[in-house]
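Following this line, the structure appears as structure tokens:
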């Protein structure tokens, strides 16, 4: 297989794997955080404003790892450095 | 299907290319300015206020309450910056249901610019509140050895801020475009409605995170335990 095909194939497969595996952890964590927040709201409905806001900030922090995976897969597909090197070389 | 409104050229004038991101950002800015100007033309302090004034007052009161609760400070200095961020993003995301409108927040350039604004605003507000020396001393707490991690945290949270908004808005429009070609009846509408909800929540998260970052830069760290939150 040529360099083009090899790099293209590897990039696409790894990009998919990156976002697939990388989103498992944050998804589980966010689900857990949401469940806990719902429980807290059910117990203390008066505090729901504070709980919701803290939940959003916390979710954003948890989400960061998934976002980094997303960035890596975007780089692999749209801004792959090896792809550019092979294109310049040939 | 286009991934980003950056690639849509509206017109080009010599070396300067005006793409859809710029045009729709200007549309949103003009809309916000026009609505604000039109409503604030006839403000009253009496009981019978107009519909427009009622809406704007509710928005401003909501923003002030949120900022006050997060920062435990007077919201007045932060309201113009954070409020503008929130209004711009929420208008952009909500208008994405209008056919032909490409939300400028679905382009990484716009969201990166907004995130850089927050990145710059944190030291500006911090130095204005604490003074240069006290603000810089915040970086050396609890220990100078953590300085690299604090700096990495500042940079990575800016990146995450930009990519979070971009990813959510972009994925919304891409899903709508894919569904249009697979099941063109009903399903795209449901996803669009879902996208509205996501868009408003993302605007709220962006504004809240901006306030949280600014607030963390403006308060002196009295207790050592609190500095652990700063590294995120």
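Residue numbers (the numbering used here), protein chains in the order written: chain D, 1 to 90; chain Z, 91 to 322. From the three backbone atoms N, C-alpha and C, an ideal C-beta is built for every residue, glycine too.
Check                                                                                                                       : Outcome
Interface residues of chain Z facing residue 63 (chain D) [CB-CB closer than 8 Å]                                           : 250, 254
7 Å Cβ shell around residue 101 (chain Z) - same chain, five flanking residues per side excluded                            : 108
Interface partners of residue 294 (chain Z) on chain D, CB under 8 Å                                                        : 56
Within 9 Å, strictly: CB atoms of residue 192 (chain Z) and residue 268 (chain Z)                                           : no
Closer than 9 Å to chain Z by CB, residue 82 (chain D)                                                                      : no
Exposed unless 16 or more other CB atoms sit within 10 angstroms - verdict on residue 9 (chain D)                           : exposed
Inter-residue CB distance, residue 33 (chain D) and residue 58 (chain D) (contact presumed, cutoff 8 Å)                     : 6 Å
Length at least 3, wholly inside the segment 37–82 of chain D: the beta strand (DSSP E) runs in chain order                 : none
CB of residue 215 (chain Z) within 9 Å of CB of residue 304 (chain Z), strictly                                             : yes
Short-range partners of chain Z found in the segment 8–39 of chain D, where Cβ spacing is below 7 Å                         : none
Residue 251 (chain Z) burial status per 10 Å Cβ neighbour count (16 or more: buried)                                        : buried
Near-chain D residues of the segment 296–311 of chain Z (beta-carbon distance less than 8 Å), N- to C-terminal order        : 298, 299, 302
Residue 108 (chain Z) - DSSP class collapsed to helix/strand/coil                                                           : strand
Residue interval of the alpha helix (DSSP H) (run including residue 100 (chain Z))                                          : No alpha helix (DSSP H) contains residue 100 (chain Z), which is instead part of the beta strand (DSSP E) from 99–103.
Secondary structure of residue 96 (chain Z), DSSP reduced to three states                                                   : helix
Rounded Cβ spacing between residue 14 (chain D) and residue 76 (chain D) (contact assumed at less than 8 Å)                 : 6 Å
For residue 225 (chain Z), three-class secondary structure by DSSP                                                          : helix
Contact check, residue 209 (chain Z) vs residue 248 (chain Z), beta carbons under 9 Å                                       : yes
Burial state of residue 168 (chain Z), where buried means 16 or more other Cβ atoms lie within 10 Å                         : buried
Residue 271 (chain Z) at chain D interface by Cβ criterion, 9 Å                                                             : no
Distance between residue 280 (chain Z) and residue 221 (chain Z) (C-alpha atoms, nearest Å)                                 : 50 Å
Cβ-based contacts, 9 Å cut-off: residues of the segment 38–52 of chain D near chain Z                                       : 49, 50
CA-to-CA distance, residue 149 (chain Z) to residue 24 (chain D), given in whole angstroms                                  : 37 Å
Unbroken alpha helix (DSSP H) run spanning residue 183 (chain Z), endpoints                                                 : 169–184
Reduced DSSP secondary structure (H/G/I, E/B, other) of residue 329 (chain Z)                                               : Shown here, chain Z extends from 91 to 322; a query on residue 329 (chain Z) therefore has no answer.
When D:43, D:21, D:6, D:5 are compared against residue 72 (chain D), the one with the closest alpha-carbon                  : D:21
Outcome for residue 47 (chain D) when other beta-carbon atoms lying within 10 angstroms are tallied against a minimum of 16 : exposed
Given 8 Å, three or more beta-carbon pairs between the segment 111–123 of chain Z and the segment 171–184 of chain Z        : yes
Under 8 Å by beta carbon: chain D residues contacting residue 216 (chain Z)                                                 : Those within 8 Å of residue 216 (chain Z) in chain D number zero; the least Cβ separation is about 19 Å.
Whether residue 323 (chain Z) touches residue 265 (chain Z) by CB criterion (9 Å)                                           : In the structure as shown, chain Z begins at 91 and stops at 322. Residue 323 (chain Z) is therefore absent and cannot be evaluated.
is_contact[residue 247 (chain Z), chain D] using C-beta, thresh 9 Å                                                         : yes
Cβ separation of residue 308 (chain Z) and residue 219 (chain Z), assumed to be a contact under 8 Å, to the nearest whole Å : 4 Å
Exposure label - residue 82 (chain D); buried when at least 16 CB within 10 Å                                               : exposed
Cα-Cα separation, residue 200 (chain Z) to residue 190 (chain Z)                                                            : 18 Å
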